[in-house]
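Enquirer:
Residue numbers (the working numbering): 340 to 730.
(1) Tell me residue 360's beta-bridge partners as DSSP assigns them.
(2) Using three-state DSSP, classify residue 422 as helix, strand or coil.
(3) With DSSP as the reference, identify every bridge partner of residue 369, one or two as the case may be.
(4) Starting from the Cα of residue 670, find the closest Cα among 575, 586, 641 and give me that residue.
(5) Would you kindly work out how many angstroms separate the C-alpha atoms of residue 624 and residue 724, rounded to a whole number?
(6) Which partner residues does residue 379 have in the DSSP bridge list?
(7) In this structure, how does DSSP classify residue 387 when only helix, strand and coil are distinguished?
(8) In whole angstroms, give me the CA-to-CA distance for residue 444 and residue 394.
(9) Thinking C-beta only, is residue 418 closer than 8 Å to residue 603?
(10) What does the alpha-carbon distance come out to for the pair residue 559 and residue 488?
(11) Identify whether residue 721 lies in helix, strand or coil by the three-state DSSP scheme.
(12) Please name the residue, chosen from 539, 548, 497, 628, that lies closest to residue 567 on a Cα-to-Cα basis.
(13) For the candidate residues 509, 507, 539, whose alpha-carbon lies nearest to that of residue 522?
(14) Exposed or buried, residue 387, counting other C-beta atoms within 10 Å across all chains shown (16 or more means buried)?
(15) If you follow the beta strand (DSSP E) that residue 396 is part of, which residue opens it and which one closes it?
(16) Look up residue 349 in the DSSP assignment and give the residues it is bridged to.
(17) Ends of the alpha helix (DSSP H) at residue 499?
(18) Nearest-angstrom Cα distance between residue 694 and residue 635?
(19) Using only the alpha-carbon positions, how far apart do residue 411 and residue 597 sit?
(20) Which of helix, strand or coil does DSSP assign to residue 455?
(21) Does the contact criterion of 3 or more C-beta pairs under 8 Å hold for the stretch 491-509 versus the stretch 573-586?
(22) List the endpoints of the continuous alpha helix (DSSP H) containing residue 611.
(23) Starting from the Cα of residue 423, find the closest Cα among 430, 431, 401 and give me that residue.
(24) Taking the CB atoms as reference points, tell me whether residue 674 and residue 613 lie closer together than 8 Å.
(25) Looking at the unbroken alpha helix (DSSP H) that takes in residue 462, where does it start and where does it end?
(26) Going by the CB atoms, is the gap between residue 666 and residue 477 shorter than 8 Å?
(27) Which residues in the same chain as residue 600 place their Cβ atom closer than 6 Å to its Cβ, once the five residues preceding and following it in sequence are excluded?
(28) Identify, in the order they occur along the chain, each residue of the same chain with its Cβ nearer than 8 Å to the Cβ of residue 435, setting aside the five sequence neighbours on each side.
(29) On the criterion of 16 or more Cβ atoms from any shown chain inside 10 Å, does residue 696 qualify as buried, or is it exposed?
(30) Alpha helix (DSSP H) containing residue 598: first to last residue?
(31) By Cβ distance below 8 Å, which residues in the same chain neighbour residue 486 in space, the five residues on each side in sequence not counted?
(32) If contacts are defined as beta-carbon pairs under 8 Å, then residue 718 and residue 605 qualify, I think. What distance do you get, rounded to the angstrom?
(33) Taking residue 359 as the reference, which of 429, 390, 551, 565 has the closest Cα?
What follows is the structure, given as structure tokens:
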């Protein structure tokens with residue numbers, strides 16, 4: 340049976356498809372199908388007329404969420420497919436032609452011909468978990484950024500109405516601080532708080548908000564240099580409502596993320612310092628670790644390998660390239676802080692890099708590289724983390 344290479348150029352409302360036979364490398368079919376059930380059935384009918392799914396190799400560029408429905412449809416129909424980095428197709432196009440032509444018809448043929456030149460690595464089955472986690476973790480990241488934005492706006496309002504408030508809480512919006520803003524709002528109302536008010540504050544803070552704290556806050560509220568204006572009260576209430584709404588949605592997202600990562604239970608979740616949310620981001624961004632043949636590929640994917648400058652007269656490493664997933668890079672670097680605090684091997688490795696004269700950020704990047712190598716080893720060897728085996 341002949342093998343067929345199928346290149347699909349994904350777009351929002353329709354997809355362009357080109358099928359090439361491996362036997363003579365000629366185009367068997369080129370057509371457009373709609374991004375709906377009828378269009379998908381049309382594609383399946385064409386593929387079925389060629390050969391069995393085992394002899395059909397399908398590829399398309401990674402294009403955000405537009406390909407998801409087609410991916411699920413192909414998986415349910417027992418067809419494999421390969422997602423391709425658009426940069427690779429762009430470079431392949433440059434190598435085959437100097438003409439600057441971009442049409443969907445040309446692109447789908449390029450994808451099919453590129454597939455013929457590389458090892459076919461089909462997307463893993465059950466990829467939906469990875470897609471779900473990527474959607475949820477990235478949405479969570481956006482909501483956290485919005486939440487931070489509203490906290491900055493809250494600070495701006497307090498700078499006008501009660502500038503002494505946030506420094507009193509060490510420039511943090513603790514649970515106690517937010518309760519005070521929600522229930523009293525203005526310095527004038529806080530200055531009139533009584534013993535009943537204190538009992539509630541003591542309960543919320545679990546005893547950490549002492550009578551001395553209470554009296555000091557009332558004194559600050561009485562003598563504040565801030566101004567009382569009803570417009571600021573309206574703005575404060577509005578910002579608090581938005582903040583609380585975001586907080587609720589973030590908690591809801593984290594519950595679902597925790598559920599999904601518990602089902603998957605990757606081995607790197609056993610590394611001390613990697614919690615469920617961090618593990619979810621790593622899984623969402625990397626996907627199936629078996630797609631990587633060595634740790635250096637994972638480093639490149641995260642963009643934490645150094646650039647290399649190699650010419651006839653000199654050769655040296657450069658700064659971190661920072662290509663790849665910024666979400667993944669951020670989480671990997673953040674995981675390193677608890678690692679160097681609680682794991683002797685990672686701590687010793689960090690100390691070694693610092694002793695070599697490397698600044699903190701550079702040393703942490705080296706720890707992140709070591710972490711990636713450990714993650715690769717755990718998943719490829721199907722084992723949980725054991726600090727005794729770590730070198």
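The C-beta atom is built at its ideal place from N, Cα and C for all residues, glycine as well.
Expert: According to the structure shown:
(1) 343
(2) strand
(3) 357
(4) 641
(5) 21 Å
(6) Looking at the DSSP assignment, residue 379 forms no beta bridge with any residue, so it has no partner.
(7) helix
(8) 23 Å
(9) no
(10) 26 Å
(11) coil
(12) 497
(13) 539
(14) exposed
(15) 395-400
(16) 354
(17) 467-500
(18) 25 Å
(19) 23 Å
(20) coil
(21) yes
(22) It is not in any alpha helix (DSSP H) - residue 611 carries neither H nor E in the DSSP assignment.
(23) 401
(24) yes
(25) Run containing residue 462: none; DSSP gives neither H nor E here.
(26) yes
(27) 615, 618, 619
(28) 449, 452
(29) exposed
(30) 569-603
(31) 582, 585, 586, 589
(32) 7 Å
(33) 390
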